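Report on one structure; see the data block that follows.
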Amino acid sequence: MTSSLLSIVIAFAAYSIMNIGQAVQKIGLTIMPKKKVPGAVLWVLGLFSATAATFLIMWAVSLGSVALVGAMAGTGLASLTLFSRFVMKEKSGLKEIIGVALIFTAAVVIGIAARKSADSEIRLIRHYIFGGVVCVLYMLGWLIFAKKPRIAGPLIGGFGGALGGLIPLFQKIASSSIGVEHSFVKAAAVPAETAALIRRLLSLFANPFAVIWIALSLLSVFVLQFSYKKAEAIRIIPVFTVNFIIIPVVGGVLSFGEALAAVQWIGVAVIIGAVCLITFSFGKGADRQGPANP
91 MTSSLLSIVI
101 AFAAYSIMNI
111 GQAVQKIGLT
121 IMPKKKVPGA
131 VLWVLGLFSA
141 TAATFLIMWA
151 VSLGSVALVG
161 AMAGTGLASL
171 TLFSRFVMKE
181 KSGLKEIIGV
191 ALIFTAAVVI
201 GIAARKSADS
211 EIRLIRHYIF
221 GGVVCVLYML
231 GWLIFAKKPR
241 IAGPLIGGFG
251 GALGGLIPLF
261 QKIASSSIGV
271 EHSFVKAAAV
281 PAETAALIRR
291 LLSLFANPFA
301 VIWIALSLLS
311 VFVLQFSYKK
321 AEAIRIIPVF
331 TVNFIIIPVV
341 GGVLSFGEAL
351 AAVQWIGVAV
361 IIGAVCLITF
371 SFGKGADRQG
381 PANP
């Protein structure tokens with residue numbers, strides 16, 4: 091298995107674990123008033139799963155294309171739909187089934203078309219410009235439409251998704267030689283007897299790019315929760331998720347010079363469309379679950 095294909099498989103698993111972990115958290119919170127201990131256990135298990143998924147995503151981007159890893163974000167919703175149907179015993183309509191089938195088919199096509207990853211050329215200036223422009227445009231929109239909740243709600247939700255979409259880009263840099271070179275803990279300062287794994291973890295997480303992606307994950311959650319005060323979840327989830335997918339795809343191309351085959355671009359478009367199909371098919375029932383939080 092090539093590193094590119096392995097990256098896609100890991101990303102698929104990570105986003106599935108993330109979304110299902112959030113569903114488990116929701117179940118835990120629901121039953122906690124009546125069954126405190128089982129509810130708390132489920133909530134902690136869900137939190138651990140969602141957190142672990144974030145590090146799996148970092149592993150995925152270190153192995154392959156950020157753009158393809160970002161595209162796999164939509165697969166989490168498909169896995170959550172199956173989890174809801176077969177584990178939570180919730181009903182699924184024809185649109186959900188079609189959406190799940192489209193997402194899994196597109197994911198397989200993207201994986202089959204995956205080529206051996208070329209060494210990424212990290213273009214920091216482009217990366218900063220891209221991230222800065224995205225954030226500035228969303229913040230300007232937030233200010234302009236602050237008094238129009240029907241526009242502000244989805245706009246703020248999209249901002250939350252965009253912040254979450256920037257995370258894989260910073261994870262890629264944090265796990266690269268550039269991130270390691272900027273580590274706060276220099277190799278010389280780490281005792282020689284320290285385990286190699288610990289030394290590697292210090293180099294990966296004790297650098298400014300790691301601090302940024304961790305901060306972005308927290309900020310994304312905060313912004314998303316704020317958007318729920320402005321509009322219904324059904325109007326926010328699609329915008330959040332589409333940004334969560336598109337930002338790393340476009341960022342991977344601009345910031346790292348990654349190239350996707352034509353069929354992979356089609357696959358990305360199909361996943362985005364299927365995500366919207368599944369989300370809208372839930373109707374107001376979408377309020378029972380939020381989108382994937384980074």
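With this note's numbering, letter number 234 in the sequence shown gets 324, and the count goes up by one each step, no holes.
Note that beta-carbon positions come from the ideal geometry of N, C-alpha and C, so glycine has one too.
Keep in mind that this is a model prediction, so the values were computed, not measured.
| query | Pairing CB atoms from the segment 187-207 with CB atoms from the segment 117-135, are three or more of them under 8 Å? | reply | Using a C-beta cut-off of 8 Å, the segment 187-207 makes no contact with the segment 117-135, since fewer than three inter-stretch Cβ pairs fall below that distance.
| DSSP state of SER89, grouped into three classes? | Any answer about residue 89 is impossible in this case: the structure gives the chain only from 91 up to 384.
| task | Below 7 Å CB to CB, which residues in the same chain sit around GLU180 once its five sequence neighbours on both sides are set aside? | result | Counting only Cβ-Cβ distances below 7 Å, and skipping sequence neighbours, we find SER174.
| Taking Cβ to Cβ, would you say VAL114 is nearer than 9 Å to SER139? | Closer than 9 Å, so yes.
| LEU158 to TYR218 span [Cα, whole Å] | LEU158 and TYR218: Cα-Cα distance of roughly 20 Å.
| task | With a threshold of 16 other CB atoms inside 10 Å of the CB of LYS237, please say whether the residue is buried or exposed. | result | By the 10 Å Cβ count, LYS237 comes out exposed.
| said: Check for me: the alpha helix (DSSP H) holding GLU186 runs from which residue to which? | reply: First-last of the alpha helix (DSSP H) with GLU186: 184-202.
| request: Return the chain-ordered list of same chain residues with a C-beta closer than 6 Å to the C-beta of GLY111, the five sequence neighbours on each side being excluded. | output: Only GLY136, SER139 and ALA140 meet the Cβ criterion.
| field | Contact under 9 Å by Cβ, PRO328 with VAL365 | value | Contact flag set, yes.
| query | In three-state DSSP terms, what is ILE212? | reply | In this structure, ILE212 counts as coil in the three-state DSSP scheme.
| request: List the whole-angstrom C-beta distance separating GLU348 from SER155, where the pair is believed to meet the contact cut-off of C-beta under 8 Å. | output: Approximately 5 Å separates the beta-carbon atoms of GLU348 and SER155; this is inside 8 Å, confirming the contact.
| request: Compare the C-alpha of MET162 against each of PHE370, GLY231, SER371 and GLN354 and name the closest. | output: If you compare the alpha carbons of PHE370, GLY231, SER371 and GLN354 with that of MET162, the shortest gap goes to GLN354.
| query | DSSP three-state call for PHE235: helix, strand or coil? | reply | Residue state, collapsed to three classes: coil.
| task | Please list, in chain order, all residues of the same chain as LEU253 whose beta carbon is under 7 Å from its beta carbon, the five residues on each side excluded. | result | Once the five neighbours on either side are set aside, the close Cβ partners of LEU253 are LEU306, LEU309, SER310 and VAL313.
| message | On the DSSP letters alone, give me the boundaries of the alpha helix (DSSP H) that VAL353 sits inside. | response | That run of the alpha helix (DSSP H) goes 352-371.
| task | Identify, in the order they occur along the chain, each residue of the same chain with its Cβ nearer than 6 Å to the Cβ of VAL151, setting aside the five sequence neighbours on each side. | result | The answer, listed in chain order, is VAL159, PRO258, GLN261 and LYS262.
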